[in-house]
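The next block holds one structure in the form of structure tokens; read it before the comments.
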Amino acid sequence: MRVTIAEVAQRAQVSKATVSRVLNGKPDVDAATAARVRQVIADVGYVPSARAVGLARGRARTVGMLVPSLTWPWTGEVVQGAVDELEAEGYGLLLYTVNRGAESLAQFASHVSAKAFDGLLVIEPPDTLSYIETLHDQGLPVVMIDDRGSRPGFPSVCTTNREGAQAAAQHLVAAGRTGFAVVTGPANFGCVRERLDGFLDALGEAGVHVDPRLVVEGDFGTDRGAVATEKLLSTGLRFDAVFAQNDLSALGVMRALAASGRKVPEDVAVVGFDDIPIAAHAELTTVRQPMREMGEAAARLLLARLEGAAPSREPVVLPTTFVARRSG
1 MRVTIAEVAQ RAQVSKATVS RVLNGKPDVD AATAARVRQV IADVGYVPSA RAVGLARGRA
61 RTVGMLVPSL TWPWTGEVVQ GAVDELEAEG YGLLLYTVNR GAESLAQFAS HVSAKAFDGL
121 LVIEPPDTLS YIETLHDQGL PVVMIDDRGS RPGFPSVCTT NREGAQAAAQ HLVAAGRTGF
181 AVVTGPANFG CVRERLDGFL DALGEAGVHV DPRLVVEGDF GTDRGAVATE KLLSTGLRFD
241 AVFAQNDLSA LGVMRALAAS GRKVPEDVAV VGFDDIPIAA HAELTTVRQP MREMGEAAAR
301 LLLARLEGAA PSREPVVLPT TFVARRSG
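Take the sequence shown: its position 321, counted from the start at 1, is 321 in the UniProt record's numbering, and no numbers get skipped.
Here's what the structure looks like:
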């Protein structure tokens, strides 16, 4: 059984508070008492709880991470990148989702109040930005990952959404495509606007105009990607290339095109965004977001804040990479 601090105190004939002060190197314990406590610790093999020691020093040595859900395919990569950095510095991670809406957020808020973690990493759940900004204003170190164009007033990590979309457009033009359609994500996301602007700007520079009827909103999901493609086909307008603003949407586009009898890429080229693991299996041309690197960079920013560094209002921007495969 695990030896407790109470047993150490009893054997050393001191209080638990004295044992705690010895463990934390406090100078207010006389040398003889401290030596006796350390000897008992060695004799009984007592291993102090890292969390207890951290709390005694004013830190939990734990970081919280708030995400909308774990169902997004790239979330796991981001979390793993953050964990790699945190564990290397002796920190643990508490992961929170908002799968149950207000109930989940209330539970998270109770952990904030209990100071269960020293700082917070955030992949912004819907309608939470003002709350997260309030936590930052109250002194909680916060770093946002994939800020969706909201540009919060605290450290954040994002990618080159506009440039990635420009690369997609340039590739399709170079491949000889002349009719273009776009399946976007939710219109209120900043990254959606950046990707659309980048794609259309690059086409404009090449002298290509996109009919507004060939820009259809999706929800970043496969099913809505398919529905959006059916809507594109129903317009009767010609297109031989589709830029879907994430890979799940792109997979839905490919499914709907196949159902309509159109071949990819012979009849219609398809390009996605993210480069989630299934993209390679589907031979999907896409724009890679450096997902694990985003988690790593965010964790480094937060650890620096916990060590006293001043928060930066300028986001860390990581580059995207165009990945050519069969679909495009």
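Beta carbons: idealized from backbone N, C-alpha and C, even for Gly.
- The segment 209 to 222 and the segment 26 to 42 do not touch, with fewer than 3 CB-CB distances between them shorter than 8 Å.
- Annotated as proximal: Glu-124 and Met-144, with beta-carbon spacing under 8 Å.
- Measuring C-alpha to C-alpha distances from Leu-120 to each of Gly-295, Val-316, Ala-324, Arg-325 identifies Gly-295 as the nearest.
- Taking each of Tyr-91, Ile-132, Arg-36 in turn and checking the Cα distance to Val-67, the smallest one comes out for Ile-132.
- Val-271 and Pro-265 have their C-alpha atoms some 10 Å from each other.
- With fewer than 16 other CB atoms across the displayed protein chains lying within 10 angstroms of its CB, Ile-278 is exposed.
- Taking 8 Å as the cut-off, the Cβ atoms of Leu-237 and Phe-220 do not count as close.
- Residue environment for Thr-4: exposed (fewer than 16 other C-beta atoms within 10 angstroms of its C-beta).
- Of the candidates Gln-13, Ala-116, Pro-141, Pro-141 places its Cα closest to the Cα of Arg-305.
- Burial state of Leu-284 is buried, judged by a 10 Å Cβ sphere holding 16 or more other Cβ atoms.
- Put simply, the backbone Cα of Val-63 is about 17 Å away from that of Phe-154.
- Note: Gly-119 is bridge-paired with Val-63 in the DSSP secondary-structure output.
- Taking the Cα positions, Leu-94 is about 15 Å away from Thr-75.
- Here Ala-244 is bridged, per DSSP, to Val-183.
- Three or more pairs of CB atoms, one per stretch, sit closer than 8 Å, so the segment 225 to 242 contacts the segment 250 to 264.
- Distance between Asn-161 and Asp-197, taken at the CA atoms: about 10 Å.
- Residue state for Arg-224 is assigned as helix, using DSSP reduced to three classes.
- Shortest Cα-Cα distance from Asp-211 to any of Gly-179, Asn-188, Glu-205 involves Gly-179.
- Look at Val-268 here: in three-state DSSP terms it is coil, with no helix or strand label.
- By DSSP's assignment, Cys-158 forms a beta bridge with Val-317.
- Taking each of Leu-203, Ala-282, Phe-199 in turn and checking the Cα distance to Ser-327, the smallest one comes out for Ala-282.
- CA-CA distance, Val-183 to Glu-293, rounds to 27 Å.
- In this structure, the CA atom of Asp-28 is about 26 Å from the CA atom of Gly-308.
- Burial state of Gln-13 is exposed, judged by a 10 Å Cβ sphere holding fewer than 16 other Cβ atoms.
- With a cutoff of 8 Å on beta-carbon distance, Val-157 and Ala-298 are scored as near each other.
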